Structure formats: C-alpha cells, structure tokens
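Engineer: Sending over a structure as structure tokens; questions will come in a sec.
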Amino acid sequence: MKNWMTSLFAAAALASLGSAAFAKLPPPTEEAKAKAAEAAAKTAWAGKVDAFKLCQAQDKAAAHYLKTSGKGAAPASACADPGPFVYVPAGAAPAAAAAPAASAAVPAKKS
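Positions 267 to 377 (my numbering) are the ones given, in order, by the sequence shown.
Written out as structure tokens, the structure is:
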C-alpha cells in the first residue's frame with residue numbers, strides 16, 4: 267500500500283513540475299530590453315579591457331625576456347586601449363558625434 271502511494275505522489279509531483287516547464291513568460295518590457303542591451307555592451311567592453319591588459323602583460327614579459335637575453339629591443343606595442351565604458355542606446359543620437367562638428371566651425375586662434 268505504501269509503495270502505491272509513493273508512486274502516486276511521485277507521479278503527481280513530476281506532472282506538476284512538467285506543466286511548469288511549458289509555462290510561457292511574458293514578453294520583456296522595453297526597459298528590460300534596454301537593460302539587457304546595456305549589459306551586453308558592458309560585457310563586450312569588459313572583454314576588450316581584459317584583452318588590453320593581457321596584451322600589456324605579454325609586451326612586458328617579452329620586453330623583459332629580450333632585455334635579459336640580449337636579443338635586442340622590444341618591438342613597438344600593438345595594444346589598443348578600449349577607453350572608458352560609454353553606452354549609447356541604439357535609438358539615441360550620439361552626443362559625441364555632434365560635439366566635434368560644433369568645434370570644427372570655430373576657427374583656430376593665430377599666434
């Protein structure tokens with residue numbers, strides 16, 4: 267009798283969990299989509315920063331090796347600094363693009 271009840275309880279538990287797997291979530295809001303896009307941009311930027319730091323460490327190690335082995339000077343670094351994190355939403359007009367155009371209209375001072 268206990269074995270039959272245990273089986274029935276297990277079947278009921280699996281059925282309720284199975285039905286929860288088929289439930290649909292509501293579509294994300296615009297705010298949630300914007301936050302997800304910003305998080306993706308920040309993750310991509312963090313990857314670029316990590317690659318930059320790795321490049322610097324490799325250059326430092328190569329320079330030390332070349333210096334101590336007497337094989338010559340280290341070559342020029344090809345590391346590209348990603349700069350600070352700046353996020354511009356897809357629908358927004360970038361303010362940075364407007365700033366150089368405004369400053370170009372101002373003539374340079376003569377010395």
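Just so you know, even glycine gets a beta-carbon here, dropped at the ideal spot from N, CA and C.
Keep in mind the model is a prediction, meaning the values are calculated, not measured.
Only counting the same chain, and skipping five residues up and downstream in sequence, which positions put a Cβ closer than 7 Å to that of F351?
Structural biologist: Counted from its first residue, the sequence shown places residue 351 at position 85. Excluding sequence neighbours, F351 sits near K308 and W311.
Engineer: Does G357 come out as helix, strand or coil in the three-state DSSP assignment?
Structural biologist: As a working note, residue 357 is residue 91 in the sequence shown. Of the three classes helix, strand and coil, the one that applies to G357 here is coil, per DSSP.
Engineer: Between the segment 343-358 and the segment 316-332, do at least 3 Cβ pairs fall closer than 8 Å?
Structural biologist: Yes: at least three Cβ pairs fall under 8 Å.
Engineer: Pick out whichever of G336, D325, E304 and H330 has its Cα sitting closest to the Cα of A358.
Structural biologist: Counting from one through the sequence shown, the residue named residue 358 turns up at place 92. Per the Cα distances, E304.
Engineer: Which of helix, strand or coil does DSSP assign to S343?
Structural biologist: Residue mapping note: residue 343 aligns to position 77 of the sequence shown, counting from 1. Three-state DSSP puts S343 in coil, outside helix and strand.
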